[in-house]
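Student: Below is one structure. I have some questions about it.
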Amino acid sequence: MDDAKWVAVDRYVEQTLLGDDAVLRAALADGVAAGLPQIQVMPAHGKMLMLLARACGARRILEVGTLGGYSTIWLARGLAAGGSLVTLEVEPNHAAVALRNLERAGFGGGVVEVIVGRAIDTLPKLTGPFDLIFLDADKAGYADYFEWAMRLSRPGTLIIADNVVRKGAVVDAQGEDPNVQGVRRFLEKVRVEPRIEATVVQTVGSKGYDGMMIGVVR
Ligand code: SAH
Ligand code: DHB
Ligand code: MG
54 MDDAKWVAVD
64 RYVEQTLLGD
74 DAVLRAALAD
84 GVAAGLPQIQ
94 VMPAHGKMLM
104 LLARACGARR
114 ILEVGTLGGY
124 STIWLARGLA
134 AGGSLVTLEV
144 EPNHAAVALR
154 NLERAGFGGG
164 VVEVIVGRAI
174 DTLPKLTGPF
184 DLIFLDADKA
194 GYADYFEWAM
204 RLSRPGTLII
214 ADNVVRKGAV
224 VDAQGEDPNV
234 QGVRRFLEKV
244 RVEPRIEATV
254 VQTVGSKGYD
264 GMMIGVVR
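In terms of the working numbering, the sequence shown opens at residue 54 and continues consecutively.
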């Protein structure tokens with residue numbers, strides 16, 4: 054198995070089960086035009102986030118790390134009727150792109166709130182509980198964001214964290230990459246937290262080899 058095959062299968066899954074979506078295509082194009090890094094979740098993972106939100110009947114979703122709002126749109130599509138989503142983003146220009154994309158996706162008008170600032174400063178201003186929390190901002194902050202996620206959760210809350218495998222680098226305890234160290238500090242916190250049951254799912258595809266942590270609060 055090689056990257057070319059992973060990409061081919063991603064495209065196949067996109068064509069067979071996801072289809073073409075003008076709103077998401079425009080969101081990606083706007084991100085490119087605005088010079089945003091192209092690091093959003095893959096389409097198949099975006100849809101997985103939507104399905105997980107729907108499966109747990111999420112009425113309140115929290116996202117940490119908005120970028121151009123691509124994963125935000127998928128998550129918001131998984132909200133139960135009348136639900137709402139809060140997403141945190143440090144870069145004002147990312148948030149501005151996201152607001153436009155969310156508006157076009159039909160999530161203006163208060164369904165989605167984009168809060169600009171460092172997540173470590175904005176998380177303390179939120180009121181829980183959330184039904185689903187998606188961590189996807191700076192990996193160095195994951196351990197702190199996880200503490201807040203636990204505070205802002207209830208029994209049954211689904212907590213998902215992106216990019217916890219990093220081409221397998223996560224197993225390198227001696228590695229100096231601050232992203233990897235951040236992920237390892239985070240997973241150590243998950244390990245010793247008695248109020249969550251969690252796993253890591255490894256993934257391959259058009260974004261290479263990575264993985265997501267998925268946990269449910271007891
Ligand atoms: N969830 C998005 C991708 C997020 S990329 C998607 O899949 O579509 C990570 C984002 O986190 C970037 O936009 C970056 O600016 C933001 N970020 C980085 N550090 C942050 C911080 N300290 N607080 C809030 N957001 C942060
Ligand atoms: C990268 C990918 C991500 O999904 C993310 O949230 C941050 C960074 C990356 O590939 O560098
Ligand atoms: Mg990510």
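Glycine included, C-beta positions come from ideal geometry on N, C-alpha and C.
#1: Taking the DSSP output, what are the residues bridged to Ile212?
#2: Taking the beta carbon of Asp145 as the centre, do at least 16 other beta carbons fall within 10 Å, making it buried, or is it exposed?
#3: Around the ligand MG, which residues pass a check of Cβ closer than 5 angstroms to any of its heavy atoms?
#4: Quick one, are the C-beta atoms of Val257 and Trp59 less than 9 angstroms apart?
#5: Using a Cβ-Cβ cut-off of 6 angstroms (strictly less than) and excluding sequence neighbours within five positions of Arg238, which residues of its own chain qualify?
#6: Beta carbon of Leu15, beta carbon of Gly131: below 9 angstroms?
#7: Rank Val94, Ile126, Val139 and Leu115 by C-alpha distance to the C-alpha of Leu77 and give the top, closest one.
#8: For the alpha helix (DSSP H) that Leu105 lies in, which residues bound it at each end?
#9: Can you tell me which of Lys178, Gly170, Asp63 and Cys109 puts its alpha carbon nearest to the alpha carbon of Gly268?
#10: My assumption, with CB atoms under 8 angstroms, is that Lys192 sits in contact with Asn216. Please give the rounded CB distance.
#11: Write down the C-beta distance between Gly170 and Val143 rounded to the nearest angstrom, noting that I regard them as a contact closer than 8 angstroms.
#12: Taking the alpha helix (DSSP H) that Asp152 belongs to, which residues open and close that run?
#13: What does DSSP give as the partner residues of Ser137 in its beta bridges?
#14: In chain order, what residues of the same chain lie with their CB nearer than 8 angstroms to the CB of Tyr123, ignoring the 5 residues before and after it?
#15: Please report the residue range of the alpha helix (DSSP H) in which Thr125 lies.
#16: Could you pull out every residue in the same chain whose Cβ sits closer than 6 angstroms to the Cβ of Gly235, ignoring the five residues on either side in sequence?
#17: Let me check understanding here. Comparing Cα to Cα, which of Pro231, Ser259, Ala75 and Asp184 lies closest to Asp63?
#18: Mind checking Pro177: buried by the 16 CB within 10 Å criterion, or exposed?
#19: Got a sec, what are the start and stop residues for the alpha helix (DSSP H) Thr180 sits in?
Tutor: Working from what's here:
#1: Ile186 and Gly268
#2: Note on identity: in this sequence residue 145 is Pro, with Asp being the wrong assignment. Label assigned to Pro145: exposed.
#3: Asp189, Asp215 and Asn216
#4: yes
#5: Ala196
#6: Absent from the model: residue 15. The displayed extent of the chain is 54 to 271, so no value can be given.
#7: Ile126
#8: Pro96 to Ala108
#9: Cys109
#10: 6 angstroms
#11: 6 angstroms
#12: Residue 152 is actually Leu in this sequence, not Asp. Pro145 to Arg157 is the span of the alpha helix (DSSP H), which, as asked, contains Leu152.
#13: Arg113
#14: Leu77, Ala80, Leu81, Gly84, Gln93, Val94, Gly99 and Asn154
#15: Tyr123 to Arg130
#16: Lys192, Ala193 and Tyr195
#17: Ser259
#18: exposed
#19: It is not in any alpha helix (DSSP H) - Thr180 carries neither H nor E in the DSSP assignment.
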